[in-house]
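Numbering (our numbering), first residue to last: 96 to 361.
The block underneath contains the structure these notes are about, expressed in structure tokens.
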């Protein structure tokens with residue numbers, strides 16, 4: 096039995112098999128075959144000959160997407176997406192044929208990499224939080240089909256929940272770090288669009304004068320019923336070392352060189 100699929104007014108395809116889910120060659124309004132274009136279940140695909148990992152070549156069909164990562168819906172858009180796909184092949188940026196891991200599984204791979212594992216403990220701990228939020232929002236999605244609309248949905252959810260735009264931007268940076276390594280490992284070609292949100296400028300705060308800092312230290316005993324001496328010493332260390340709050344808390348005596356007058360802050 097022969098099936099015919101309609102792609103729009105004047106655009107048809109002829110069947111290559113006996114089932115509706117089979118790939119169907121696309122034809123234009125003059126019933127001419129459009130090279131490389133196929134349709135299945137209403138979605139357009141482009142077929143290319145690509146190198147296999149064993150050195151031979153094989154025909155592969157790729158779903159055709161628009162600039163927003165969504166399936167194309169018209170023949171003209173499919174032709175344009177096909178040209179983009181051919182350019183991607185010329186740049187050797189086509190996704191690999193290997194099995195793609197889920198986002199959650201690849202995040203584990205990402206944090207096990209030597210370059211990532213070697214980051215400062217504080218930075219690494221903060222960076223682990225964002226991928227968890229992405230997995231919670233996207234669910235069991237594979238690493239390769241993460242699209243710009245998925246990213247926009249995540250951002251909208253976070254902003255509606257009252258999250259600061261700067262924090263959402265940091266979430267995007269964390270996802271991009273993971274996806275860059277996934278591209279390096281050959282699991283995906285192009286990265287989804289990650290548009291930075293506009294965030295409020297940090298307020299400019301004047302520096303304390305030596306006299307103001309002395310008054311701050313003098314006020315510590317009244318403000319702290321316990322550990323006033325330690326709090327004052329902590330403030331002095333921040334002021335004279337230039338370290339951040341959490342960095343200062345991680346400094347140990349073995350990081351201090353009293354003879355050389357140096358302190359090592361990791």
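By construction, the Cβ of each residue, glycine as well, lies at the ideal position given by its N, Cα and C atoms.
Extent of the continuous alpha helix (DSSP H) to which residue i belongs
| i | result |
| --- | --- |
| residue 217 | 216-233 |
| residue 184 | 170-185 |
| residue 328 | 323-336 |
| residue 250 | 243-255 |
| residue 162 | Segment: none, residue 162 is in no alpha helix (DSSP H) and carries neither H nor E. |
| residue 238 | Counting along the chain, residue 238 falls outside any alpha helix (DSSP H), and DSSP gives it neither H nor E. |
Span of the beta strand (DSSP E), counted from its first residue to its last, around residue i
| i | result |
| --- | --- |
| residue 282 | Counting along the chain, residue 282 falls outside any beta strand (DSSP E), and DSSP gives it neither H nor E. |
| residue 143 | 138-146 |
| residue 118 | Premise fails: residue 118 is in no beta strand (DSSP E) and is neither H nor E. |
| residue 155 | 152-158 |
Beta-carbon proximity of residue i to residue j, cut-off 8 Å
| i | j | result |
| --- | --- | --- |
| residue 137 | residue 159 | no |
| residue 238 | residue 197 | yes |
| residue 336 | residue 351 | no |
| residue 167 | residue 154 | no |
| residue 273 | residue 202 | yes |
| residue 219 | residue 184 | no |
| residue 163 | residue 244 | yes |
| residue 145 | residue 152 | yes |
| residue 271 | residue 286 | yes |
| residue 333 | residue 340 | yes |
Nearest-angstrom Cα separation, counted from residue j out to residue i
| i | j | result |
| --- | --- | --- |
| residue 289 | residue 210 | 23 Å |
| residue 195 | residue 253 | 27 Å |
| residue 174 | residue 133 | 11 Å |
| residue 322 | residue 315 | 10 Å |
| residue 120 | residue 129 | 8 Å |
| residue 236 | residue 227 | 13 Å |
Counterpart residues of residue i in DSSP-defined beta bridges
| i | result |
| --- | --- |
| residue 370 | With the chain covering 96 to 361 only, the question about residue 370 has no answer from this structure. |
| residue 352 | 357 |
| residue 128 | 122 |
| residue 197 | 237 |
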